[in-house]
Amino acid sequence: MHIMYSRQTPGSKKVKFLDVAPETKQTEIPRPTSVLKPTHINENNSGVKLIRPAMDLYNFSTSSSDLSTGNTGSGFIDNATFTYLFITFRIVLNPAMSVLALLATIINVVTFSRMTLSQGVNQNLLILSTSDLVLAVFGVVGNSCYVLRWLGINTTPVRFTLYILMWVVAYPVNASAAVTTIIAAVRCLSVIMPITFRTVVTPQRQVVAIALGCSISWSVPLYTHLLINVYTKKGNNSLGIPSSSEINKQMVVFDYFRNTFFYTCFTIIILSGVFLSIALRKSSSFQASATASTTDGQTKASSRREVQVVKTVILLLVIFVTCNLPFLFLSLLRLMVPGFSPSGKFRNEKLFVDSTVATGIHLNVGLNTFVYLKYNSKFNKILTESLSRVSLKTN
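Going letter by letter, the sequence shown gives residues 1 to 395 in full-length UniProt numbering.
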């Protein structure tokens, strides 16, 4: 049980602290049936405010004291509906999907690492799978923390882990966006300049482009995170976590800078997908351009291979855009709608969209594996052989 109290130090502002109250009777852990009418604050006989851990777990970007204000929002989603949505997404759906996504990314990384990496497409898909693997690991850890808090294990390490994940998850998310953008641009260049493509757009240059894109995207969350650390030191918070108002200020900065990068990637990805789809429909002319730079003995096989690569890329782009629509929706609402924050009028709506963002990320990672199995014959062959060897060893 946590007790919230305040202290006025000489020459300083009032500071809120959280401490453990061993003499206070343990509050019963709320279950799904008991939190439909949640209570943020209880008071004991001495009038000290006691924070119920069940309501603290709904968002990791605020501290327990921020959620103890009694502000449950007055938007379109009432508390009872939000509780059911929270259980469905944060406690059931997202944890299960994150585990499946982790298994899928492990398969992708292992399989692509055994393929010919001198080919730019295999190399780029390995980098994308590695970024997705890191993202899946973060997802498993974060969702595990949500489940622990739902069970009443609302310790400081659990909350601090969620707070850290809130910031570091931007790195693999932005990296995946950068790699996907490079893959889309590379495929477009292969159609536009089929003869000189292999000599101009080499695998090494593609890696340099990916590294540059990731560096640009990572500079934004790093810059914002440093500002948050400054706020933390000035706030003298006992948990090392700033208040929700301080976080919201930097989240606005974070959104403005990151969205410039992310929306640029989305624009390139969508335009590339449209261009590749049009080129693929013109089957005869596309196959002719795709085989123009190959030797005579490779024309038919190379043509089929190029078509399969383009189909793979188009599907990856469609999946990426579709699964990341909740993220774009969240970013726009946070910038344009007053009160769309963890402590604002549309608090429940914000936290629900947060849950769908995580669902979309896990779905994106998992669906990529099925695309590889369907349109990458080499990937399918290596994975089948690997599973056969594992089956023989176990038998």
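Where a beta carbon is used, it is the ideal one built from N, C-alpha and C, also for glycine.
Buried versus exposed call for Arg281 [16 or more other C-beta atoms within 10 Å across all chains shown]: The residue labelled residue 281 in the question sits at position 281 within the sequence shown. When all chains shown are included, Arg281 counts as exposed.
- request: For Thr202, name the three-state secondary structure that DSSP assigns.
  value: Indexing the sequence shown from 1 puts residue 202 at position 202. If DSSP states are grouped into helix, strand and coil, Thr202 belongs with coil.
message: Counting beta carbon pairs with one atom in the stretch 128-135 and one in the stretch 89-97, are three or more of them shorter than 8 Å?
response: no
task: Compute the distance between the beta-carbons of Thr181 and Ile268, then report whether it is under 8 Å.
output: Start at 1 with the first residue of the sequence shown, and residue 181 comes out as number 181. Start at 1 with the first residue of the sequence shown, and residue 268 comes out as number 268. The answer is yes: Cβ separation under 8 Å.
query: Would the beta-carbon of Ser217 fall within 8 Å of that of Ala279?
result: The sequence position of residue 217 within the sequence shown is 217, counting from 1. The sequence position of residue 279 within the sequence shown is 279, counting from 1. No, they are not a contact pair.
query: Just curious, the alpha helix (DSSP H) that Leu151 is in, first and last residue?
result: Taking the first residue of the sequence shown as 1, we reach residue 151 at position 151. Where Leu151 is concerned, there is no enclosing alpha helix (DSSP H), given that its DSSP letter is neither H nor E.
Separation of Val353 from Met336, as counted between CA atoms: As a working note, residue 336 is residue 336 in the sequence shown. As a working note, residue 353 is residue 353 in the sequence shown. Those two C-alpha atoms are separated by around 15 Å.
task: Please state whether DSSP places Val173 in a helix, a strand or coil.
output: Walking along the sequence shown from the start, residue 173 turns up at place 173. Three-state result, Val173: helix.
- prompt: Can you tell me where the alpha helix (DSSP H) with Asn376 in it begins and where it stops?
  reply: Start at 1 with the first residue of the sequence shown, and residue 376 comes out as number 376. Run containing Asn376: none; DSSP gives neither H nor E here.
field: Of the residues Ile77, Gln206, Val313 and Ser215, the one placed nearest Leu271, counting alpha carbons only
entry: Position 271 of the sequence shown, counted from the first residue, corresponds to residue 271. Of the candidates Ile77, Gln206, Val313 and Ser215, the one whose C-alpha sits nearest the C-alpha of Leu271 is Val313.
message: Do Ala104 and Thr369 count as a contact pair if the criterion is CB distance below 8 Å?
response: Taking the first residue of the sequence shown as 1, we reach residue 369 at position 369. Taking the first residue of the sequence shown as 1, we reach residue 104 at position 104. Yes, Cβ-Cβ distance for Thr369 and Ala104 is below 8 Å.
field: Exposed unless 16 or more other CB atoms sit within 10 angstroms - verdict on Phe76
entry: Locating residue 76 in the sequence shown gives position 76, counting from the first residue. That one is exposed.
message: Do Leu100 and Gly366 count as a contact pair if the criterion is CB distance below 8 Å?
response: Counted from its first residue, the sequence shown places residue 366 at position 366. Counted from its first residue, the sequence shown places residue 100 at position 100. Yes, they are a contact pair.
- request: Using beta-carbon positions only, say whether residue 406 and Gly142 come within less than 8 Å of one another.
  value: There is simply no residue 406 to check, as the chain begins at 1 and stops at 395 in what is shown.
- request: Report, in whole angstroms, the separation of the C-beta atoms of Asn124 and Val179, which I expect to be a contact under 8 Å.
  value: In the sequence shown, the residue the question calls residue 124 occupies position 124. In the sequence shown, the residue the question calls residue 179 occupies position 179. Indeed, because the Cβ distance is near 6 Å, the residues count as touching under 8 Å.
- prompt: Going along the chain, which residues of its own chain have a beta-carbon closer than 7 Å to the beta-carbon of Leu148, five neighbours each way excluded?
  reply: Numbered from its first residue, the sequence shown carries residue 148 at position 148. Result list for Leu148: Val158, in chain order.
- prompt: Taking just the CA atoms, how far does Ala184 sit from Val310?
  reply: Sequence index remark: in the sequence shown, residue 310 carries index 310 (1-based). Sequence index remark: in the sequence shown, residue 184 carries index 184 (1-based). Distance between the alpha carbons of Val310 and Ala184 is about 9 Å.
message: Pop quiz: Pro203 and Ser118 are said to be a contact at Cβ under 8 Å. What is the actual Cβ separation, rounded to whole angstroms?
response: One-based indexing of the sequence shown puts residue 203 at position 203. One-based indexing of the sequence shown puts residue 118 at position 118. The Cβ separation is near 6 Å, so the contact holds.
query: Skipping 5 residues on each side, what residues in its chain have a beta carbon closer than 8 Å to that of Leu85?
result: As a first step, residue 85 is located in the sequence shown; it is residue number 85 there, counting from the start. So the qualifying residues of the chain are Ile77, Phe352 and Ser355.
- request: Would you kindly work out how many angstroms separate the C-alpha atoms of Ser386 and Thr83, rounded to a whole number?
  value: Along the sequence shown, read from residue 1 onward, the residue named residue 386 stands at position 386. Along the sequence shown, read from residue 1 onward, the residue named residue 83 stands at position 83. Cα-Cα distance, rounded: 43 Å.
message: Are the CB atoms of Leu383 and Thr111 within a distance shorter than 8 Å?
response: As a position in the sequence shown, residue 111 is number 111, starting the count at 1. As a position in the sequence shown, residue 383 is number 383, starting the count at 1. Yes.
message: According to DSSP, simplified to helix, strand and coil, what is Gly213?
response: Counting from one through the sequence shown, the residue named residue 213 turns up at place 213. In the structure shown, Gly213 sits in a helix (DSSP, three-state: H, G or I).
field: Own chain, CB closer than 6 Å to residue 425, minus 5 neighbours either side, in chain order
entry: A query on residue 425 cannot be resolved here, the shown segment of the chain reaching from 1 to 395 and no further.
task: Assign Tyr256 to buried or exposed, taking buried as 16 or more other Cβ atoms, counted over all protein chains shown, within 10 Å of its Cβ.
output: Taking the first residue of the sequence shown as position 1, residue 256 is located at position 256. It counts as exposed.
- prompt: Roughly how far, in whole angstroms, is the beta-carbon of Val201 from the beta-carbon of Leu212, given that I think they are within contact range, below 8 Å?
  reply: Here residue 201 refers to the residue found at position 201 when the sequence shown is read from its first residue. Here residue 212 refers to the residue found at position 212 when the sequence shown is read from its first residue. That belief does not hold up - the Cβ atoms of Val201 and Leu212 are roughly 14 Å apart, past 8 Å.
query: According to the neighbour-count rule (16 or more other Cβ atoms, all chains shown, within 10 Å of its Cβ), is Ile361 buried or exposed?
result: Position 361 of the sequence shown, counted from the start, is the residue given in the question as residue 361. Result: buried.
field: Val371 beta carbon less than 8 Å from that of Leu316
entry: If you number the sequence shown from 1, residue 316 lands on position 316. If you number the sequence shown from 1, residue 371 lands on position 371. A contact, by the Cβ cut-off of 8 Å.
- request: With a threshold of 16 other CB atoms inside 10 Å of the CB of Pro342, please say whether the residue is buried or exposed.
  value: Position 342 of the sequence shown, counted from the start, is the residue given in the question as residue 342. When all chains shown are included, Pro342 counts as buried.
- prompt: Could you give the distance in angstroms between the alpha-carbon of Thr359 and the alpha-carbon of Phe320?
  reply: On the sequence shown, residue 359 is found 359 positions in, with the first residue counted as 1. On the sequence shown, residue 320 is found 320 positions in, with the first residue counted as 1. Going by the C-alpha atoms only, they are around 13 Å apart.
query: Under a three-way DSSP split, which group does Ile107 fall into?
result: For the purposes of this step, residue 107 is taken as residue 107 along the sequence shown, with counting starting at 1. In the structure shown, Ile107 sits in a helix (DSSP, three-state: H, G or I).
message: With H, G and I counted as helix, E and B as strand and the rest as coil, what does DSSP make of Asn259?
response: Here residue 259 refers to the residue found at position 259 when the sequence shown is read from its first residue. It is helical.
task: For the alpha helix (DSSP H) holding Ile158, just list the boundary residues, first then last.
output: Within the sequence shown, numbered from 1, the residue matching residue 158 stands at position 158. Per the sequence shown, the amino acid found at residue 158 is Val instead of Ile. That run of the alpha helix (DSSP H) goes Thr156 to Val168.
- prompt: Going along the chain, which residues of its own chain have a beta-carbon closer than 8 Å to the beta-carbon of Leu373, five neighbours each way excluded?
  reply: Within the sequence shown, numbered from 1, the residue matching residue 373 stands at position 373. So the list reads Phe379, Asn380 and Leu383, once near-sequence residues are dropped.
message: By the DSSP assignment, the alpha helix (DSSP H) with Leu333 in it spans what residues?
response: Numbered from 1 along the sequence shown, position 333 holds the residue referred to as residue 333. Where Leu333 is concerned, the enclosing alpha helix (DSSP H) stretches over Leu325 to Met336.
query: Is it the case that the Cβ atoms of Gln206 and Val186 are separated by a distance below 8 Å?
result: Your numbering for residue 206 matches position 206 in the sequence shown. Your numbering for residue 186 matches position 186 in the sequence shown. Taking 8 Å as the Cβ cut-off, Gln206 and Val186 qualify as a contacting pair.
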